[in-house]
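Numbers given in the numbering used here equal positions in the sequence shown, counted from 1, plus 1. These notes are about the structure you will find just below.
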Amino acid sequence: MKGEITFEPKRPVRSGEWGSWRFVYTAKNEIPVGGGIDILFPFSSYYPIAAWSIPQTENPLLEGYTTVESDGEVKLEVEALPRKIEGLGMIYHALSVEVRERDLMPGEKIVITYGDKKEGGVGARAGFVAYRTFFAILEAVEDLENRWRYKENILKKHSLRYIEISSDYIIRVAITGGEADKINIAHPKVIRPAESLCLRLTLLDAFMNKASTPDEVEIRLFVEGEENIFRKVVLKNGYAEVKDLYLDKKGVHRIFCIDESGKVSGRSEVVVTEDKKFNYFWGEIHPHTEISDGIGGADEHYKYAKDVALLDFGAIADHNYSIEENRGSWEDITEATKRYNQPGKFASLFGMEVATSTVCNIEDGGHFNVYGSKEFPFLPSNSERDFDAVLEWMEGSGLVAIPHHTLYSGMGMDFGRYPKDAFPLFEIFSSHGCSEYYDNPRRIKYQDLGEGRSLYDALKAGFKMGIVASSDYHNELMGGMLKLQNYAQTAYSSYFQFRGGYLCVLAKELTPECVMDALRKRRCYATTGDKIVIFFEINGHIMGETIETENDLLAREVKVEVVGKNRIEKIELIRNCEPVLAHKGKSDHEKIRFRDESNLREVSIASDGEMFSFYYVRIVQVDGEMAWTSPIWIVLRR
Numbered sequence: 002m003k004g005e006i007t008f009e010p011k012r013p014v015r016s017g018e019w020g021s022w023r024f025v026y027t028a029k030n031e032i033p034v035g036g037g038i039d040i041l042f043p044f045s046s047y048y049p050i051a052a053w054s055i056p057q058t059e060n061p062l063l064e065g066y067t068t069v070e071s072d073g074e075v076k077l078e079v080e081a082l083p084r085k086i087e088g089l090g091m092i093y094h095a096l097s098v099e100v101r102e103r104d105l106m107p108g109e110k111i112v113i114t115y116g117d118k119k120e121g122g123v124g125a126r127a128g129f130v131a132y133r134t135f136f137a138i139l140e141a142v143e144d145l146e147n148r149w150r151y152k153e154n155i156l157k158k159h160s161l162r163y164i165e166i167s168s169d170y171i172i173r174v175a176i177t178g179g180e181a182d183k184i185n186i187a188h189p190k191v192i193r194p195a196e197s198l199c200l201r202l203t204l205l206d207a208f209m210n211k212a213s214t215p216d217e218v219e220i221r222l223f224v225e226g227e228e229n230i231f232r233k234v235v236l237k238n239g240y241a242e243v244k245d246l247y248l249d250k251k252g253v254h255r256i257f258c259i260d261e262s263g264k265v266s267g268r269s270e271v272v273v274t275e276d277k278k279f280n281y282f283w284g285e286i287h288p289h290t291e292i293s294d295g296i297g298g299a300d301e302h303y304k305y306a307k308d309v310a311l312l313d314f315g316a317i318a319d320h321n322y323s324i325e326e327n328r329g330s331w332e333d334i335t336e337a338t339k340r341y342n343q344p345g346k347f348a349s350l351f352g353m354e355v356a357t358s359t360v361c362n363i364e365d366g367g368h369f370n371v372y373g374s375k376e377f378p379f380l381p382s383n384s385e386r387d388f389d390a391v392l393e394w395m396e397g398s399g400l401v402a403i404p405h406h407t408l409y410s411g412m413g414m415d416f417g418r419y420p421k422d423a424f425p426l427f428e429i430f431s432s433h434g435c436s437e438y439y440d441n442p443r444r445i446k447y448q449d450l451g452e453g454r455s456l457y458d459a460l461k462a463g464f465k466m467g468i469v470a471s472s473d474y475h476n477e478l479m480g481g482m483l484k485l486q487n488y489a490q491t492a493y494s495s496y497f498q499f500r501g502g503y504l505c506v507l508a509k510e511l512t513p514e515c516v517m518d519a520l521r522k523r524r525c526y527a528t529t530g531d532k533i534v535i536f537f538e539i540n541g542h543i544m545g546e547t548i549e550t551e552n553d554l555l556a557r558e559v560k561v562e563v564v565g566k567n568r569i570e571k572i573e574l575i576r577n578c579e580p581v582l583a584h585k586g587k588s589d590h591e592k593i594r595f596r597d598e599s600n601l602r603e604v605s606i607a608s609d610g611e612m613f614s615f616y617y618v619r620i621v622q623v624d625g626e627m628a629w630t631s632p633i634w635i636v637l638r639r
């Protein structure tokens, strides 16, 4: 680097903090007229959750006002502008400072005050997500006729997606959580009668980060409806576990916690005491790190999922074309995945988003991820590779492939191109939107109206696919829970309109092997973010299973029980993509019994010589949050 740069004040930044920060650049060598420096600000435009204020030089009273001065007589020309960096596919906001009239001499300084409040302004705001972010400092001292091409070369050399952080071009800044605002409570959602309940508690700030708290915080814990259950719990460094809690009554329970001040509290999602075959485990398997165009490293993602979001399992799914551009990154992801796997506490899966090209449009094979319980070899992107080659690579590996945002225009999925056993699962929802059917209430903004793209299309064509949801986050950490109300008013809504979803698996134990077994057998369901508890069976068979019969008149005894976070507005039983039952809810706990006596031969779908029907459940809460079960199939043998 031709100069030295410092960032002041030298302290961690609180999430969402309003303040002023200074960049001081000291020239080591002469910078000629026309040269200068640029600063790229963390993740802007598409990513407002992680973004800092957009720098501007016009109005001192508005957010992000920035001033630039020199300690000498050098004239400086300043411009704030967004730039799309070729090869990164990202828009960053840059502040460009150019030397005018005479050269900047060694030892002279350029002082940039970001969020300058001297004229009564509000300053600049840091991003909401607590992680180790960065500013990129770019020098232009050569090739002055084409400065941005020069800068793009620097960025390709020091990729902003993955940096060893010994680079002179990078200033790393730690963002920490703010004051405690709420208590996050995690627990098994379904337990057997007389089984002990274990709780995990963590303090969150207003932006759903781990709060910065005193070493010890005492809270009081109650079980609603159980007057005899009361505990005092001490959270150390914002975290505590409560073991051996027994619920006296069978049914639905909620936990309530409050601190001594009465200002910080938390209410759990439901605990259902029920005889059960499987445990209900919650996870998120589609975040992106800075290796792709997301935020944070693998460790930050896993730590957040495990210790803050309090999930049961997770996976990182960075793009393979991004991984191959960043040497050593695949090894870093796999090593982090191994480190965070703790059987019984947290199950980490190995994952990767597979592309046959960096565009990965429908013609190139669409977008899908692969997952496994064991480390698998890296698959480079290759525009010459077709999906048959990917299937061959997966054969015998135990990996599961899951397509996503299949209704995304240009980047969706044409199921007519694939064998029926290619995808055992379907990602119905993410922060992009929903791909259940065309023009659904949570539709993807840039929707593909071609045939063969939606879940409906795939199921009717004979694909036996379980249903999952995830985030596809490029702007939060794994399991990120922040839901801003102004998404729709930002450029972010062009791509990511919603808070990400979760998936629930029905598994015997919390291990990668058991989670993957549940996924392969389609014992799973999807939600848009609330941990809604669902029981669904037909003739004793649970979601993901197949009933085979030769009896056209086989009656289907359907049982559905739903316990929501809020009042259930509607429960729909979907048969072959058509609602056959719509139940209007009155509370957060609803039960349905339904007997379908229709003639199977008359209602079934014929595909590839097989006659079948499928049923799944769609749930809508009064607040709009949703859930979908995996289907149960009825196959009619001739």
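Every residue gets a Cβ at the ideal spot worked out from N, C-alpha and C, and that includes glycine. Note that this is a predicted model, so its numbers are computed, not measured.
Work out the CA separation of residue j and residue i for me, nearest whole Å.
i           : j           : result
residue 209 : residue 610 : 51 Å
residue 215 : residue 15  : 15 Å
residue 379 : residue 350 : 15 Å
residue 560 : residue 595 : 7 Å
residue 60  : residue 304 : 40 Å
residue 274 : residue 197 : 11 Å
residue 458 : residue 241 : 46 Å
residue 415 : residue 23  : 51 Å
residue 536 : residue 6   : 58 Å
residue 123 : residue 139 : 27 Å
residue 528 : residue 193 : 23 Å
residue 438 : residue 307 : 33 Å
residue 376 : residue 335 : 7 Å
residue 587 : residue 564 : 12 Å
Need the endpoints of the beta strand (DSSP E) that residue i sits in, please.
i           : result
residue 601 : Looking at the DSSP string, residue 601 is not in any beta strand (DSSP E); the run it does join, the alpha helix (DSSP H), is 601 to 604.
residue 228 : 227 to 237
residue 457 : Where residue 457 is concerned, there is no enclosing beta strand (DSSP E), although the alpha helix (DSSP H) it sits in stretches over 456 to 461.
residue 584 : 579 to 585
residue 315 : 314 to 316
residue 115 : 110 to 115
residue 679 : Since the first and last residues shown for the chain are 2 and 639, residue 679 lies out of range.
residue 438 : Segment: none, residue 438 is in no beta strand (DSSP E) and carries neither H nor E.
residue 246 : 240 to 246
residue 250 : Run containing residue 250: none; DSSP gives neither H nor E here.
residue 503 : 503 to 508
Which first and last residues belong to the alpha helix (DSSP H) in which residue i is found?
i           : result
residue 515 : 513 to 521
residue 307 : 299 to 308
residue 597 : Segment 590 to 597 is the beta strand (DSSP E) holding residue 597; no alpha helix (DSSP H) there.
residue 395 : 388 to 395
Leaving out the 5 sequence neighbours to the left and right, which residues in its chain are closer than 6 Å to residue i when beta-carbon positions are compared?
i           : result
residue 566 : 270 and 531
residue 18  : 127
residue 516 : 314, 348, 506 and 508
residue 51  : 44, 128, 130, 296 and 476
residue 354 : 318, 320 and 370
residue 73  : 109
residue 641 : Missing from the structure shown is residue 641; the chain here goes from 2 to 639 and no further.
residue 634 : 547, 613 and 615
Take residue i and list the residues in its own chain whose beta-carbon comes closer than 7 Å to its own, dropping the five residues that flank it on each side.
i           : result
residue 267 : 183, 184, 185, 186 and 258
residue 103 : 34 and 75
residue 57  : 63, 65, 66, 67 and 81
residue 583 : 571 and 573
residue 395 : 371 and 402
Whose C-beta lies closer than 8 Å to the C-beta of residue i among residues of the same chain, with five residues either side of it excluded?
i           : result
residue 229 : 249
residue 227 : 248, 249, 250 and 254
residue 233 : 219, 220, 221 and 222
Review point. What alpha helix (DSSP H) runs, 4 residues minimum, are completely inside the stretch 319 to 356?
Key: 321 to 326 and 330 to 341
Exercise for review: Flag this pair as touching only if the stretch 449 to 469 and the stretch 512 to 523 have three or more C-beta atom pairs under 8 Å; answer yes or no.
Suggested key: yes
Point to revise | Three CB pairs or more closer than 8 Å across the stretch 106 to 113 and the stretch 21 to 32 | key: The stretch 106 to 113 vs the stretch 21 to 32: in contact.
Check your understanding: At a cut of 8 Å, does the stretch 433 to 449 reach the stretch 247 to 263 through at least three beta carbon pairs?
Key -> no
Check your understanding: What are the start and end residues of each continuous alpha helix (DSSP H) run of 4 or more residues lying completely inside the stretch 160 to 220, in chain order?
Key -> none
Practice item. Run through the stretch 600 to 638 for me and flag every whole alpha helix (DSSP H) of 4 or more residues, listed as ranges in chain order. Key: 601 to 604
Check your understanding: Are there three or more Cβ pairs, one per stretch, closer than 8 Å when the stretch 320 to 334 is compared with the stretch 274 to 287?
Key -> no
Exercise for review: Could I get the ranges of all uninterrupted beta strand (DSSP E) runs contained in the stretch 519 to 560, with 3 residues as the minimum, in chain order?
Suggested key: 525 to 528, 534 to 539 and 547 to 550
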